[in-house]
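Please read the structure below before turning to the comments.
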Amino acid sequence: MVHQRRWYLLSFAIAALVLLPLTVLALSWQTIDHDIWAHLWDTQMPRLLGNTLILVVGVGIGVALLGVSLAWLTSLCEFPGRRWLDWALMLPFAIPAYVLAFVFVGLLDFAGPVQSLLREWFGTGLRLPRVRSTGGVIVVLVLVFYPYVYLLARSAFLAQGKGLMEAARILGQTPWQAFWRVAMPMARPAIGAGVALALMETLADFGAVSVFNFDTFTTAIYKTWYGFYSLSSATQLASLLLLAVMLVLYGERRARGATRPANERPRGQALYHLRGWKALAASGWCGLVFACAFLVPLVQLVVWCWQRGRFDLDERYVGLILHTLYLGAIAAAVTVAVALVLVFARRLVPTRPIRSAISLANLGYALPGSVLAVSIMLVFSFLDRELVVPLSQWLGGAGRPLLLGSLLALVLAYLIRFITVAYGPLEGALARIRPSLPEASRSLGVSGYGLFFRVYLPLLVPGALSAGLLVFVDVLKEMPATLLMRPFGWDTLAVRIFEMTSEGEWARAALPALTLVLVGLLPVVGLIRRSARRYGH
Amino acid sequence: MQIRRTLFSLLVLMGATTVQAADEVVVYSSRIDELIKPVFDAYTAKTGVKVKFITDKEAPLMQRIKAEGTNATADLLLTVDAGNLWQAENMGILQPFKSPVIDANIPSQYRSSTDSWTGLSLRARTIAYSTDRVKPEELSTYEALAGKEWEGRLCLRTAKKVYNQSLTATLIETHGSEKTEEILKGWVNNLSTDVFSDDIAVIQAINAGQCDVGIVNTYYYGRLHKQDPSLAVKLFWPNQGDRGVHVNLSGIGLTKHAPHPEAAKALVEWMTGPDAQAIFSGVNQEYPANPSVKPSEEVASWGTFKADTIAVEVAGKRQAEAIKLMDRAGWY
Chain A
1 MVHQRRWYLL SFAIAALVLL PLTVLALSWQ TIDHDIWAHL WDTQMPRLLG NTLILVVGVG
61 IGVALLGVSL AWLTSLCEFP GRRWLDWALM LPFAIPAYVL AFVFVGLLDF AGPVQSLLRE
121 WFGTGLRLPR VRSTGGVIVV LVLVFYPYVY LLARSAFLAQ GKGLMEAARI LGQTPWQAFW
181 RVAMPMARPA IGAGVALALM ETLADFGAVS VFNFDTFTTA IYKTWYGFYS LSSATQLASL
241 LLLAVMLVLY GERRARGATR PANERPRGQA LYHLRGWKAL AASGWCGLVF ACAFLVPLVQ
301 LVVWCWQRGR FDLDERYVGL ILHTLYLGAI AAAVTVAVAL VLVFARRLVP TRPIRSAISL
361 ANLGYALPGS VLAVSIMLVF SFLDRELVVP LSQWLGGAGR PLLLGSLLAL VLAYLIRFIT
421 VAYGPLEGAL ARIRPSLPEA SRSLGVSGYG LFFRVYLPLL VPGALSAGLL VFVDVLKEMP
481 ATLLMRPFGW DTLAVRIFEM TSEGEWARAA LPALTLVLVG LLPVVGLIRR SARRYGH
Chain L
1 MQIRRTLFSL LVLMGATTVQ AADEVVVYSS RIDELIKPVF DAYTAKTGVK VKFITDKEAP
61 LMQRIKAEGT NATADLLLTV DAGNLWQAEN MGILQPFKSP VIDANIPSQY RSSTDSWTGL
121 SLRARTIAYS TDRVKPEELS TYEALAGKEW EGRLCLRTAK KVYNQSLTAT LIETHGSEKT
181 EEILKGWVNN LSTDVFSDDI AVIQAINAGQ CDVGIVNTYY YGRLHKQDPS LAVKLFWPNQ
241 GDRGVHVNLS GIGLTKHAPH PEAAKALVEW MTGPDAQAIF SGVNQEYPAN PSVKPSEEVA
301 SWGTFKADTI AVEVAGKRQA EAIKLMDRAG WY
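Chains as they are written, first to last, in full-length UniProt numbering: chain A, 1 to 537; chain L, 1 to 332.
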């Protein structure tokens, strides 16, 4: 029972850490500014809720369609270009949503190069669809967030193995029927998890929608804070958003049910060899998505860099890149370690309190970044005031605050935000280790730390690497917490992008953005190589 | 004792980066690195005093100053728009600081009435027009852009930007809210396309022919015009027959619990002086707040104008009212 108590203590401590900023949200309800609420309700809410609903439905359908179709094609079919599209389709993961948004608008809007050229060719009377529109926002967010579904659906399809599909075919099902009746139901939990992640990102997004000036519920949160300067009303709105996200997550968990991920088997021959127009269509579809989500934006960034950004390139970029990498690496290591604790607590002591603590610890991702950042900032300044300063004075020090503005505080903020990103892959990895394995090890006299280091850890390394890489890329892209809590001089690439875009200098933001994408690509390529090895490509 | 010492070194280690030296000033800035670093570097080179800063949006920075309270890190808050400075003052995070040097350098309408902040540079929010499709004689006032003749020809930036909120606040101060709402509805009705997320996009849209007129801050035009002298857009100074062009500022305030108030004051005094004013306004094509300093060549080429002398603090006082009015008028 001593062991159990340890897991309780650890998981409660981690949950408490995430609970701290959420307390700030709860405390904001002490006073309600009726004036602001009445104004929002009368003039804004119907439009904002309508916009948000359309966005969520559009992005949800879009990422599911893109993610599943691409995953199906690249994992079970054979067509020209499949080998490289299989990994290339993960690359858009390295492009932050706000970057794709400003590239998309800069490239395609009325004053951009594409429309200018078209007007030159066809005259000024040309009527083109509006770029900064609901459709435009949905397209951009789908292109940015589909990799979540693609990654998860792909490994689900691969893990199913082709035996079941072959059986379905032998029983007279067409490929289409086999897909709907056999593959889809089995992959549904993975697809659901991917869509849920994409929707959480969509609900919390502020950067991309503000490039389009598309107002969502999150816009109301920022407007209330930045315009009315009412942080408490803003956090009240944010806590409503959090409630909505919790409902989505609950629904996703319920829909997932008790299915356990199956054991992965090496991929052999492709199930369907596409030929003729089918092969062409498959190559065309995958290639089109890759071009829109990655190739075209990358080329536009390079062009802008050449036109404007190269004048900004100086030795300071070494510092920017190093800070970015350093923060990403520390945060990834810490977050994976903490998520590992949670995953093991869930496995070894799957009681209700522990499960609740873990659900709580996973909530940080669901809040708009700035709201979470300011909540964490408020917590740290409170701890500085009430704890650090008195302690330091008692110890004979200068009595200065130490937490806020320190590296530690920033890393803790990343941890709180991204713990769920690491938790998912680790949970999957641990679930694949059957209980019989540690049981056998125990019977052979390996237990305690030995069991962890000699049995679990080697098996968990691939999952932990994926988790770490995902957190790393997310920290690279993170803006609000980095801005508000970075120590002096710790500017990162994301900070530079913020500074340039806040002045409307999109072309000059291309240099830090391109650097960020390239730096973020390294881990994505690492992720791909690892997953490619596992499936024996 | 051993435990105490270990604990202490642990604390120091944790916050190694936050330990402050005596001869330095700490600035929280909503103006970006590129626009402030040259000024601070020049100050360090001249006096040896280090200037440390972080950049972020104004609201989070103000919240951080408020949260830090008596354990303050920041000495100065540097931001744009009188609306924001007024909010900072209203939040109680600034303190008055009287300085004969600053009083002599900066005219009183560009300082806070309680002396808790001073303007550093000025910008006009004025009308930009297409030289191809608009004759300057057709233009007169901000209000006139609500007229029928501009239907489908106007471009605006989002109402979420404080610059537009401040402009609206001065309209309310001048005309009252009913008349202002009418004017804004006229503008919204005249829009040729959805509002843009930044001023640069507005100027580029006018240049590309998507619309004929827009309302922008002067330095955005200055930046684009310097890059591309063939830009088919020019600036027009409206309301010269009555109150004048809407002028706003960037400014700096001393935080309430500044750890280095004297050093901070010295920095602000220097920033209002001729050397710093030339750099500070020059890097961003703004008007120096110190009238003895000449603006850059680019800025001077736009000509002179009569500026609205309304107290800039109106922007802050009426900000919430302005936002609500813009929402009602459908300017998002």
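For every residue, glycine included, the Cβ atom is placed at its ideal position computed from N, Cα and C. Here the structure is a predicted model, which means the values were calculated and not measured.
**Message:** Just checking: is the beta-carbon of glycine 50 of chain A within a distance shorter than 7 angstroms of some beta-carbon in chain L?
**Reply:** no
**Prompt:** If you draw a straight line from the alpha carbon of arginine 143 of chain A to that of valine 131 of chain A, how long is it in whole angstroms?
**Reply:** The sequence given here has leucine at residue 143 of chain A, not arginine. The straight-line gap from Cα to Cα measures roughly 15 angstroms.
**Request:** Identify whether arginine 123 of chain L lies in helix, strand or coil by the three-state DSSP scheme.
**Result:** strand
**Message:** Looking at the strands, I want to know which residues DSSP matches up with glutamate 24 of chain L.
**Reply:** L/Lys50
**Prompt:** Just by C-beta distance, which residues in the region 65 to 78 of chain L are closer than 7 angstroms to chain A?
**Reply:** Here the close residues are Ala67, Glu68, Gly69, Asn71, Thr73.
**Item:** Any C-beta of chain A under 7 angstroms from that of isoleucine 323 of chain L
**Value:** yes
**Prompt:** Are any of the Cβ atoms in chain L nearer than 7 angstroms to that of alanine 13 of chain A?
**Reply:** no
**Request:** Measure from the C-beta of threonine 158 of chain L to each C-beta in chain A and report whether the shortest distance is under 7 angstroms.
**Result:** yes
**Asked** Counting Cβ pairs, one atom from each stretch, are 3 or more of them under 8 angstroms apart for the region 75 to 92 of chain A and the region 171 to 183 of chain L?
**Response** no
**Request:** Show which residues of chain A have a CB atom less than 8 angstroms away from the CB atom of proline 60 of chain L.
**Result:** Ser370, Ala373, Val374, Met377, Pro480, Leu483, Leu484
**Request:** Using the DSSP secondary-structure output, state which residues sit across from isoleucine 215 of chain L in a beta bridge.
**Result:** Looking at the DSSP assignment, isoleucine 215 of chain L forms a beta bridge with L/Ile127.
**Asked** Can the beta-carbon of residue 541 of chain A be found closer than 7 angstroms to that of proline 480 of chain A?
**Response** Past the boundaries of the shown model lies residue 541 of chain A; chain A is included only from 1 to 537, so the question cannot be answered.
**DSSP beta-bridge partners of glutamate 78 of chain A** = Its beta-bridge partners are A/His273.
**Cβ-based contacts, 7 angstroms cut-off: residues of the region 81 to 93 of chain L near chain A** = Hits within the stretch, in order: Gln87.
**Message:** What residue range does the beta strand (DSSP E) around leucine 76 of chain L cover?
**Reply:** 76 to 80
**Request:** Give a yes or no on whether 7 angstroms exceeds the smallest Cβ distance from aspartate 314 of chain A to chain L.
**Result:** The Cβ of aspartate 314 of chain A sits no closer than 7 angstroms to any Cβ of chain L.
**Cα-Cα separation, asparagine 239 of chain L to leucine 154 of chain L** = Inter-residue distance for asparagine 239 of chain L and leucine 154 of chain L is about 18 angstroms (C-alpha atoms, whole angstroms).
**Asked** valine 24 of chain A and leucine 295 of chain A: beta carbons closer than 7 angstroms?
**Response** No, Cβ-Cβ distance for valine 24 of chain A and leucine 295 of chain A is not below 7 angstroms.
**Alpha-carbon spacing of aspartate 205 of chain A relative to proline 462 of chain A, whole angstroms** = 30 angstroms
**Item:** Segment limits, beta strand (DSSP E) that includes valine 334 of chain A
**Value:** Premise fails: valine 334 of chain A lies in the alpha helix (DSSP H), 316 to 348, not in any beta strand (DSSP E).
**Same chain, Cβ closer than 6 angstroms to valine 312 of chain L, neighbours up to 5 away in sequence not counted** = Ala82
**Asked** With 16 other CB atoms within 10 Å as the buried threshold, where does serine 108 of chain L fall?
**Response** exposed
**Message:** Can you find the residues in the same chain that come closer than 8 angstroms, C-beta to C-beta, to lysine 226 of chain L, ignoring five residues on each side of it along the sequence?
**Reply:** Gln285, Glu298
**Message:** Please state the DSSP three-state secondary structure of phenylalanine 196 of chain L.
**Reply:** strand
**Item:** Residue ranges of each beta strand (DSSP E) within the region 178 to 245 of chain A, 3 or longer
**Value:** none
**Prompt:** By the criterion of Cβ-Cβ separation under 9 angstroms, what are the contact partners of alanine 205 of chain L in chain A?
**Reply:** Asp109, Phe110, Ala111
**Message:** Could you check whether the Cβ of residue 607 of chain A sits closer than 7 angstroms to any Cβ belonging to chain L?
**Reply:** Examination of residue 607 of chain A is not possible in this model, given that chain A is present from 1 through 537 alone.
**Item:** Selection of the region 208 to 228 of chain A by Cβ proximity to chain L, strictly under 7 angstroms
**Value:** Ser210, Val211, Asn213, Asp215, Lys223, Trp225, Tyr226, Gly227, Phe228
**Item:** CA nearest to the CA of proline 274 of chain L, picked from L/Ser292, L/His260, L/Ala258
**Value:** L/Ser292
**Prompt:** Can you give the Cα-Cα distance for glycine 354 of chain A and isoleucine 252 of chain L, rounded to whole angstroms?
**Reply:** Correcting the residue identity first, residue 354 of chain A is isoleucine in this sequence and not glycine. Whole-angstrom Cα-Cα distance: 50 angstroms.
**Asked** Where in the region 468 to 495 of chain A do unbroken runs of the alpha helix (DSSP H), each at least 4 residues long, occur, reported from the N-terminal end onward?
**Response** 480 to 485
**Request:** May I ask which residues mark the beginning and end of the beta strand (DSSP E) holding glycine 251 of chain L?
**Result:** Glycine 251 of chain L -> beta strand (DSSP E) spans 246 to 254.
**Request:** Output the distance between the C-alpha atoms of phenylalanine 157 of chain A and proline 113 of chain A, rounded to the nearest integer angstrom.
**Result:** Rounded to whole angstroms, the gap between the alpha carbons of phenylalanine 157 of chain A and proline 113 of chain A is 41 angstroms.
**Request:** Decide yes or no for the touch test of the region 194 to 203 of chain L against the region 502 to 513 of chain A: beta carbon pairs closer than 8 angstroms, at least 3 of them.
**Result:** yes
**Request:** Return the CA-CA distance between glycine 244 of chain L and serine 113 of chain L, expressed in angstroms with no decimal places.
**Result:** In this model, glycine 244 of chain L and serine 113 of chain L are separated by some 22 angstroms (Cα to Cα).
**Request:** Give the residues from the region 186 to 198 of chain L that approach chain A closer than 9 angstroms (Cβ to any Cβ), ordered along the chain.
**Result:** Within the region 186 to 198 of chain L, those residues whose Cβ lies closer than 9 angstroms to any Cβ of chain A are, in chain order, Thr193, Asp194, Val195, Phe196, Ser197, Asp198.
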